[in-house]
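Chemist: Structure provided below as structure tokens; questions to follow.
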Amino acid sequence: MDVEDDNSYETSTLQVLELKTGDSLRDAIGLLYEKNVFGAPIADVIDSATTSGNFLDPYIGFIDFATMVLWSLEIGELAKSFLWDPFFPVHLNDTLFHVLLLLSKHRIQFVPVIEQFSSKVIAFVTQNAVIQLLLQSSGLEWFDSIADKPLSEFRFENDEHAVHLYGDQSIAEAMHILWENRIGAVAVVRRETERLIGCVTRSDLHLLLDNDDIFNNRKSLTVEKFIHLEASKVHSDPTIEGDLGALLSAGILTLKNKFLPRMDSPVTNRRTDTLKQTMKNLAETNCSSSFIVDELQRLKGVVTLRDMIVQFAPPCMDSRINGGGFFDSALEQTGCHIEKGTLVSDH
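Per this note's numbering, residue 10 is the first one in the sequence shown, and the count goes up by one each step.
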């Protein structure tokens, strides 16, 4: 299936915001905050006088608001030397398998879609959009054979250990944990009971700039108080969000996303839930991770969109890295396996 064949990949008709290599970190943070954009591709400044033709890819990386803010808080300065995320684009005629491979083998949240002739970014394929597309295969044997298994049968990266902090710790500590562990969300647990009471995500960092008091008191304000400050964000209706589908997936690049759950209402699942149930849970809430809890709401682990995508991704030609369950089983049924970067027949 081509990327252009499914409306899960559509975005708004607004032009994609770009940053230039010459922009300072301060300016980049200010621009993304002002335009309400979560992240943007970085375009290299090419000297037209010394460059002929249009054969060069104008983009050299991707940068997001949360990473820049965390960098500034941790490093203590708006340094010019900043390591941005890699840039792995696709074209409209690329297949879903190509997108699955990129999202599963690289720690990226979305894949830019480039126009064939202009080499300009025109859209983004989000992890959530891919999950929604995969769910359209519900009822088909190849999908259900994996998706109908309970979470307890999978070995996700952090399914038995979720990074967390206690509600009486400070916002500054939560920011440090997000930065140090390079994660999208940190669970908030009540110290006395070990029960999950909320979570802080990278998407919530804009609140530090929305409210000067929060920013200035980030070292003393507790996380438990912080997660209850979203008075303006009402509890959303997941059925409405499900109907919006592609719009929400495209909107995930919006910095202030009103469709995300409140910080005090994290997405949760049990180990007895199936992978399909968890996929639907995240697709409906537009979240990137679900915390695994027991019957007492005690934190037991976490499963991310990437964990799910890996189960359906093509196998890597590096045989040391396991591919997705669907493709591994398909290779096994055809009597083949990957060895030292080569497809080998067992017959």
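Every residue gets a Cβ at the ideal spot worked out from N, C-alpha and C, and that includes glycine.
For the putative contact between residue 130 and residue 68, defined by C-beta atoms under 8 Å, what is the C-beta separation to the nearest angstrom?
Modeler: That belief holds up - the Cβ atoms of residue 130 and residue 68 are roughly 7 Å apart, short of 8 Å.
Chemist: Would residue 157 and residue 285 be called neighbours here (beta carbons separated by less than 9 Å)?
Modeler: Yes. Within cutoff.
Chemist: Given this structure, state the Cα-to-Cα distance separating residue 192 from residue 79, to the nearest angstrom.
Modeler: Taking the straight line joining both Cα atoms gives about 12 Å.
Chemist: Roughly how many angstroms separate the alpha carbons of residue 174 and residue 302, rounded to a whole number?
Modeler: About 15 Å.
Chemist: For residue 151 and residue 322, what's the separation of their Cα atoms in angstroms?
Modeler: Each residue's alpha carbon lies about 13 Å from the other.
Chemist: Just how far apart, CA to CA, sit residue 100 and residue 133?
Modeler: Each residue's Cα considered, the two are about 11 Å apart.
Chemist: Can you give me the C-alpha to C-alpha distance between residue 300 and residue 126, rounded to a whole angstrom?
Modeler: Approximately 42 Å between the Cα atoms of the pair.
Chemist: Are the beta-carbon atoms belonging to residue 48 and residue 262 less than 9 Å from one another?
Modeler: Yes, the Cβ-Cβ distance between residue 48 and residue 262 is below 9 Å.
Chemist: Below 8 Å on the Cβ atoms is my guess for residue 291 versus residue 42; work out the distance and round it to an integer in Å.
Modeler: Contact flag wrong, Cβ pair sits at about 26 Å.
Chemist: Taking the C-alpha atoms as reference points, what is the distance between residue 52 and residue 27?
Modeler: Distance between the alpha carbons of residue 52 and residue 27 is about 7 Å.
Chemist: Under 6 Å Cβ to Cβ from residue 96, same chain only, skipping five residues before and after it: list those, please.
Modeler: Around residue 96: 68, 70 and 71.
Chemist: What residue ranges within the segment 102 to 145 form continuous beta strand (DSSP E) runs of no fewer than 3 residues, ordered along the chain?
Modeler: The qualifying runs are 119 to 123 and 130 to 135.
Chemist: Output needed for residue 115: all residues of its chain with C-beta closer than 8 Å, excluding positions within five of it in sequence on either side, in chain order.
Modeler: Once the five neighbours on either side are set aside, the close Cβ partners of residue 115 are 95 and 97.
Chemist: Does residue 215 come out as helix, strand or coil in the three-state DSSP assignment?
Modeler: In this structure, residue 215 counts as helix in the three-state DSSP scheme.
Chemist: Evaluate residue 305 with the Cβ neighbour count: other Cβ atoms within 10 Å of its Cβ, from every protein chain shown; 16 or more gives buried, anything less gives exposed.
Modeler: Exposed.
Chemist: Quick check: the Cα distance between residue 74 and residue 46, rounded to an integer number of angstroms?
Modeler: Spanning the two alpha carbons is a distance of roughly 8 Å.
Chemist: Let me know the secondary structure DSSP gives residue 358 once reduced to three states.
Modeler: The question about residue 358 has no answer here: the residues shown for the chain are numbered 10 through 356.
Chemist: In whole angstroms, what separates the C-alpha of residue 235 from that of residue 196?
Modeler: Their Cα atoms are separated by approximately 13 Å.
Chemist: Where residue 190 and residue 307 are concerned, what is the direct C-alpha to C-alpha distance, given to the nearest angstrom?
Modeler: Approximately 21 Å between the Cα atoms of the pair.
Chemist: Can you give the Cα-Cα distance for residue 182 and residue 317, rounded to whole angstroms?
Modeler: Distance between the alpha carbons of residue 182 and residue 317: 29 Å.
Chemist: What does residue 29 pair with, by DSSP beta-bridge criteria?
Modeler: The partner list for residue 29 (beta bridge, DSSP) reads 52.
Chemist: What does residue 209 pair with, by DSSP beta-bridge criteria?
Modeler: Paired residue(s): 195.
Chemist: Is residue 163 helix, strand or coil by DSSP?
Modeler: In this structure, residue 163 counts as coil in the three-state DSSP scheme.
Chemist: Can the beta-carbon of residue 233 be found closer than 9 Å to that of residue 153?
Modeler: In this structure, residue 153 does not lie closer than 9 Å to residue 233 by Cβ.
Chemist: The beta strand (DSSP E) that contains residue 302, what's its start and end?
Modeler: Note, residue 302: beta strand (DSSP E), 298 to 302.
Chemist: What residue from 214, 24, 221 and 40 has the CA that sits closest to residue 123's CA?
Modeler: The candidate whose alpha carbon is nearest that of residue 123 is 24.
Chemist: Where residue 33 and residue 148 are concerned, what is the direct C-alpha to C-alpha distance, given to the nearest angstrom?
Modeler: Spanning the two alpha carbons is a distance of roughly 50 Å.
Chemist: Could you check the C-alpha separation between residue 29 and residue 161 for me, to the nearest Å?
Modeler: Each residue's alpha carbon lies about 45 Å from the other.
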